[in-house]
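Position one of the sequence shown corresponds to residue 8 (the working numbering), numbered consecutively onward. Working notes for the structure below.
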Amino acid sequence: SCPGCHKVDLWAREADFQRHVKTHDGRYICCGVKLSTSQAAHLTNRSELRYFDGIPFLGGCGRTFSRKDAFQRHLDRAKKQCAQD
8 SCPGCHKVDL WAREADFQRH VKTHDGRYIC CGVKLSTSQA AHLTNRSELR
58 YFDGIPFLGG CGRTFSRKDA FQRHLDRAKK QCAQD
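Below, the structure written as structure tokens:
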């Protein structure tokens, strides 16, 4: 079973299982923009304030991604919901 989500599945190959486990690494986080930036002033009041390393951010959804290309694809598709620097 996966140590990150405890999903029990029969992966066809060990490489598939290892790739799945890496999805829990969260190297890339959709955190939005720092509250102190001028871009944050343009975000709507419905944006949720989130803290990362003690710094307030607005406009991100909080999802984590283990691969840069997946994170970039998320940002490209979620332009109206998720702000970026």
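Beta carbons are placed, not taken as given, at the ideal position from N, Cα and C, and that holds for glycine.
Annotated three-state conformation of R20 is coil, per DSSP. Taking 7 Å as the cut-off, the beta carbon of Y35 is found no closer than this to the beta carbon of F64.
Note on geometry: alpha-carbon atoms of E21 and G11 lie some 16 Å from one another. Residue pairing for P63: DSSP places it in a beta bridge opposite Y58. As computed with DSSP, G39 is found in a beta bridge with G66.
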